[in-house]
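Step one of this worksheet: look at the structure below.
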RNA sequence: AAGCAAACUGGUUCUAUCGCUGUCUCAGAAAUGGGAAAGAGGAAAGUCCGGGCAACAUAGAGCGACACGCUUCCUAACGGGAAGGAUGCCUCCGGGUAGACAGAAAGUGCCACAGAAAAGAUACCGCCAGGCAACUGGUAAGGGUGAAAAUGUGAGGUAAGAGCUCACGGUAUUGUAUGGUGACAUGCAUUACGGUAAACCUCGUGUGUUGAAAAACCAAAUAGGUUGCGAGCAUUAAAGGCUGCUCGUCUUUUUUUCUUCGGAAAACUCGCAAUGGGUAGGUUGAUGGAGCUUGUGCGUGAGUGCAAGCCUAGAUAAAUGAUAGAAGUCCUUACUCAAGGAUACAGAACCCGGCUUACAAGGUUUGCUUCUUU
RNA sequence: GCCCAGCUGGCGGAAUUGGUAGACGCGUUGGUCUCAAACACCAAUAUCUUCGGAUGUGCCGGUUCGACUCCGGCGCUGGGUA
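Residue numbers (the numbering used here): 22 to 150.
Listed below in structure tokens is the structure:
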């Protein structure tokens with residue numbers, strides 16, 4: 022399976038985002054806060070839809086926010102297939118996720134890679150239990 | 001030569017792997033897949049001004065509010081820019097530099113403390129005259145206070161004094177002559193004399209309001225609106241009461257109006273169909289323009305005319321990336337190889353023109369300081 | 001994206017037609033009271049200092065004799081709008 026990250030894999034609908042933050046569960050694996058919601062039925066083309074966010078309050082400059090979001094997106098894109106998609110397909114459910122960055126400063130790629138691995142594994146553990 | 005400051009300039013490239021966005025193209029019925037070329041800035045920022053564009057409003061005029069304020073020019077326009085003028089400051093006297101640079105001679109307000117007095121002089125010490133004195137009258141030279149003291153100097157004049165008078169000045173008003181497109185400059189006459197308009201204000205000029213989350217179009221499901229059609233109208237039925245049960249009997253099965261008592265009409269409820277508004281969502285707005293590059297003419301200049309060439313981001317919970325390696329530029333150590341370090345500020349959100357602010361190394365120019373040599 | 005408001009000691013918060021900055025409260029420190037403490041009362045409390053003064057209202061400038069106050073620019077904080 023390809024390590025793509027297209028429009029269909031991103032969460033764009035305002036209504037779904039509202040219900041995700043309103044009814045979803047969450048946990049923290051520093052520097053990420055993960056909010057997820059299991060939806061049994063969906064007309065979406067992909068098993069998982071995800072939204073990334075970096076707070077404007079913590080990072081004033083658009084340049085810094087862009088940099089962090091790109092790093093998170095890269096780290097998620099590379100690892101999502103092996104860890105997350107297999108399990109979700111096995112359970113045949115649909116999943117909405119929000120990944121928020123709660124760190125106070127910019128961190129490097131290696132650190133974020135390890136942490137994202139941990140976060141996704143925990144997410145798999147949560148949904149399967 | 002070194003250091004510091006300011007202004008201008010400047011804003012690095014290639015390869016590999018894995019991705020993103022729209023465009024073109026090939027395959028395909030479609031979904032989709034393959035390929036190609038392209039994909040952040042000088043400030044994209046702050047949102048401080050000016051326009052385009054859109055919707056709404058709008059007979060004309062005035063009041064109010066806000067903004068601006070020397071002249072000529074540039075510009076689509078501007079509170080921006082260019083060239084000048086006057087004023088202040090600095091000066092090596094060549095010049096440089098700064099500013100919201102109309103009006104205090106329309107009116108109102110304010111000018112703390114100190115001081116006699118802060119603006120139509122109620123004069124503390126003083127000066128002069130009168131008086132034995134207390135004190136009364138005249139005065140604004142001198143003293144002192146203050147950020148600022150009634151336009152400055154000299155003479156006349158007087159009891160002492162005073163723009164009270166005169167002469168020469170200062171700043172300004174008005175008129176006029178000459179030069180200049182003009183601000184203005186110079187001369188003559190005239191009248192005036194505290195400051196403050198980034199106090200109210202007056203004069204002149206300009207501004208309709210709101211912003212692309214504006215606005216236009218398409219529009220699923222659900223709910224509701226409007227219109228049309230049909231049904232609800234039954235007693236051979238259903239529910240309930242009387243009763244232990246059955247029979248029997250009673251009540252209810254919408255409301256109003258009209259009625260020839262058969263029904264009819266309207267409302268109401270339900271169903272079906274049509275229809276307009278309109279939410280989620282989508283499309284347009286929205287990227288070919290006051291466009292960029294080069295050459296050339298005009299102009300002191302900001303700019304502008306002509307010709308040739310070019311097409312150069314278009315996202316929308318928001319792409320333009322990540323990782324690894326190499327090169328370039330510069331700095332330090334070394335002075336032959338080499339090693340270490342630095343590579344800024346910062347991310348389009350309808351589009352332009354300005355202003356303001358941020359910015360590593362290197363380069364150019366100017367100024368200041370120190371040292372060395374002649 | 002668009003539009004507003006605010007910024008004063010350690011903290012909250014006064015002070016404006018421009019005229020001695022820090023009223024008042026909380027806190028802190030010292031003293032009185034007490035065997036000791038609490039409460040109460042009194043005093044001090046921006047920074048530097050050569051003890052004469054100098055600096056200081058987010059920062060940088062301007063207007064003014066004089067600026068927390070008026071004006072321009074920048075920074076930070078908070079709010080509104082969908």
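Note that beta-carbon positions come from the ideal geometry of N, C-alpha and C, so glycine has one too.
Problem - Simplified DSSP assignment, three categories, for residue 98 - result: helix
Practice task
Measure the CB-CB distance between residue 123 and residue 53 and report whether it falls below 9 Å.
Solution key: yes
Handout entry: Own chain residues within Cβ distance below 6 Å of residue 74, not counting five before or after
Key = 121
Handout entry: Three-state secondary structure (DSSP) of residue 132
Key = helix
Practice task
Examine the Cβ distances between the region 81–100 and the region 40–50 and report whether three or more of them are shorter than 8 Å.
Solution key: no
Exercise for the section: Taking all protein chains shown into account, decide if residue 97 is buried (16 or more other Cβ within 10 angstroms of its Cβ) or exposed. Expected result: buried
Handout entry: 7 Å Cβ shell around residue 145 - same chain, five flanking residues per side excluded
Key = 104, 105 and 108
Handout entry: Nearest-angstrom Cα separation, counted from residue 127 out to residue 81
Key = 12 Å
Handout entry: Separation of residue 24 from residue 94, as counted between CA atoms
Key = 11 Å
Practice task
Would you kindly work out how many angstroms separate the C-alpha atoms of residue 33 and residue 114, rounded to a whole number?
Solution key: 19 Å
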